[in-house]
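*Asks:* For the working numbering, add 216 to where a residue sits in the sequence shown, where the first one is 1.
Cβ atoms here follow ideal geometry from the backbone N, Cα and C, with glycine treated the same way.
On a predicted model such as this, the values are computed, not experimentally measured, just so you know.
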Amino acid sequence: MRNGNKIKVKKKIAFLKQVKKDKYKRSDFAQRFINNLKNNLKYEASRKSSQNSIEILFENVGNLIGGSADLTGSNLTKIKASKSEGRKTNYLYYGAREHLMAAAMNGISLHGGFIPYGGTFLIFSDYCKNAIRLSALMKQQVIYVMTHDSIGLGEDGPTHQPIEQLAGLRSIPNLLVLRPCDAVETFECWEIALSSNRSPSIIALSRQSLPLMRSKNKNNLSKKGAYFLSQDANSELTFIATGSEVSLAQEVKTILEKKGLNSNLVTMPSMELFDMQNESYKNKILGSKPRVIIEAASSFGWHKYMRENDIVFSIDKFGESGKGSELFDFFGFNSKNISNNIYSKLFNNG
């Protein structure tokens, strides 16, 4: 080996020792952050929750390198500590080049020492797909921040509204797809991504504001992939929902309770993590009663949790142009429509 190459190798070894990646462990700062959310927050878009999570994590995890493919202001991937010039650069403007961004993050991860994260819209994950697949194949810790995750993004229309993207990403081996329902779950999903040092992660986030669903429990519940938000001993059905549809499921649950139908509510931020759990836990969560699945995306992939009489509310066609709230109504994603459908299909014996 030539002297010049020996020097380069020594410099890299010294650098890697200096910025050595330790597996993320929750400490007091995380609990203080979550307690503050529970005490002060009511509604917030999960993309904003993600930015707040990055802000606090960056202060305590020093080897993050962020960026966005020309959508920094929409993805909210930039924080106060972000620097895009000079030797202390920790934020990269990739331009409208999603595949380049994903490939570059693979390179940063392979070099060692840093955890790269980069943002774009979920619909543009298709432009990144080959590089995302390589992240998973090479077992690289790359974090993909994918915002505007449903028809809830609104007026950009069907070209920008993801339908089949979640199902496609979930089909990639060794890729964690995380779709949090509120600010607490968003922080937990970031913790999971930072702990997953042998697999990449997709964090799918909303444009629209979401209510805070978690007010109890200090542990990271999302790491099991699914858990009860509420449980009733006399439950007659189980709701399973992800992301922005969890609060909708809660609304439907409340309506049906007034009709005398009690239910359990399960939030499932990650199919992959849930599928890793033991059979006892999975059977406990899914239950023996009718299951109602709610996700504003393709139904593809959900049928593994369904039996003959279970129901899935999904979108298996392209979106439309309009305000997010109008589109949810147009596609039947409102509490009145869903509660009426459930009642007539499962409990109306007349």
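Drop a sphere of 10 angstroms on the beta-carbon of PHE245, count the other beta-carbons inside from all chains shown, and report buried for 16 or more, exposed for fewer.
*Replies:* On the sequence shown, residue 245 is found 29 positions in, with the first residue counted as 1. Classification for PHE245: exposed.
*Asks:* So who's on the other strand from ILE510, going by DSSP bridges?
*Replies:* Position 294 of the sequence shown holds residue 510. Paired residue(s): ALA457, PHE529.
*Asks:* With hydrogens ignored, establish whether the beta-carbon of ASP286 is closer than 7 Å to any heavy atom of the ligand SAM.
*Replies:* Looking for the ligand SAM in the displayed structure turns up nothing, as the structure carries no ligands at all.
*Asks:* Using three-state DSSP, classify GLY283 as helix, strand or coil.
*Replies:* By one-based count along the sequence shown, residue 283 stands at place 67. Residue state, collapsed to three classes: strand.
*Asks:* Distance, Cα to Cα, GLY205 vs LYS533?
*Replies:* The structure shown does not extend to residue 205, since the chain spans only 217 to 566, so no value can be given for it.
*Asks:* Just curious, the beta strand (DSSP E) that ALA261 is in, first and last residue?
*Replies:* The sequence position of residue 261 within the sequence shown is 45, counting from 1. Segment 259–261, the beta strand (DSSP E) holding ALA261.
*Asks:* In terms of alpha-carbon separation, which member of GLU536, LYS304, ASN564 lies closest to ASP372?
*Replies:* Residue mapping note: residue 372 aligns to position 156 of the sequence shown, counting from 1. For the residues GLU536, LYS304, ASN564, the minimum Cα distance to ASP372 belongs to GLU536.
*Asks:* When DSSP labels each residue in this structure, what does ILE388 get in the three-state scheme?
*Replies:* For the purposes of this step, residue 388 is identified with residue 172 of the sequence shown, where counting begins at 1. Looking at ILE388 - three-state DSSP - the assignment turns out to be coil, as it is neither helix nor strand.
*Asks:* Just curious, the beta strand (DSSP E) that THR363 is in, first and last residue?
*Replies:* Position 147 of the sequence shown, counted from the start, is the residue given in the question as residue 363. Note, THR363: beta strand (DSSP E), 359–363.
*Asks:* Label HIS327 either buried or exposed according to how many other C-beta atoms from any shown protein chain fall within 10 Å of its C-beta, with 16 as the threshold for buried.
*Replies:* For the purposes of this step, residue 327 is identified with residue 111 of the sequence shown, where counting begins at 1. With fewer than 16 other Cβ atoms within 10 Å, it is exposed.
*Asks:* If we count Cβ pairs, one from each stretch, closer than 8 Å, do we get three or more for the region 454–470 versus the region 405–418?
*Replies:* The region 454–470 is not in contact with the region 405–418.
*Asks:* When you compare only the Cα positions, how much space is there between THR288 and ALA352?
*Replies:* Here the question's residue 288 lines up with position 72 in the sequence shown. Here the question's residue 352 lines up with position 136 in the sequence shown. So the two alpha carbons sit approximately 24 Å from each other.
*Asks:* Please go through the region 302–379 and give each complete alpha helix (DSSP H) segment of 4 or more residues, from N-terminal end onward.
*Replies:* Here the runs fully enclosed are 314–327, 341–353.
*Asks:* When you compare each of LYS475, GLY441, VAL400 to LEU257 by their alpha carbons, which one comes out closest?
*Replies:* Here residue 257 is taken as the residue at index 41 of the sequence shown, counted from 1. Ranking LYS475, GLY441, VAL400 by Cα distance to LEU257 puts VAL400 first.
*Asks:* Hey, how far is the Cα of GLY282 from the Cα of LEU338?
*Replies:* Taking the first residue of the sequence shown as position 1, residue 282 is located at position 66. Taking the first residue of the sequence shown as position 1, residue 338 is located at position 122. Using only the alpha carbons, I get a separation of about 17 Å.
*Asks:* Give the single residue among ASN306, HIS315, TYR360, GLN357 whose Cα lies nearest to the Cα of ALA347.
*Replies:* Translated into the one-based positions of the sequence shown, residue 347 becomes position 131. Of the candidates ASN306, HIS315, TYR360, GLN357, the one whose C-alpha sits nearest the C-alpha of ALA347 is HIS315.
*Asks:* For the beta strand (DSSP E) containing TYR443, list its first residue and its last residue.
*Replies:* As a first step, residue 443 must be located in the sequence shown, where it is residue number 227. Run containing TYR443: 443–446, per the beta strand (DSSP E) assignment.
*Asks:* Rounded to whole angstroms, what is the Cα-Cα separation between SER269 and SER422?
*Replies:* Position 53 of the sequence shown, counted from the first residue, corresponds to residue 269. Position 206 of the sequence shown, counted from the first residue, corresponds to residue 422. Each residue's alpha carbon lies about 15 Å from the other.
*Asks:* Going by CA-CA distance only, name the one from ARG507, GLY503, VAL508, VAL528 that's closest to PHE516.
*Replies:* By 1-based counting over the sequence shown, the position of residue 516 is 300. For the residues ARG507, GLY503, VAL508, VAL528, the minimum Cα distance to PHE516 belongs to VAL528.
*Asks:* Does ASN435 come out as helix, strand or coil in the three-state DSSP assignment?
*Replies:* Residue mapping note: residue 435 aligns to position 219 of the sequence shown, counting from 1. Of the three classes helix, strand and coil, the one that applies to ASN435 here is coil, per DSSP.
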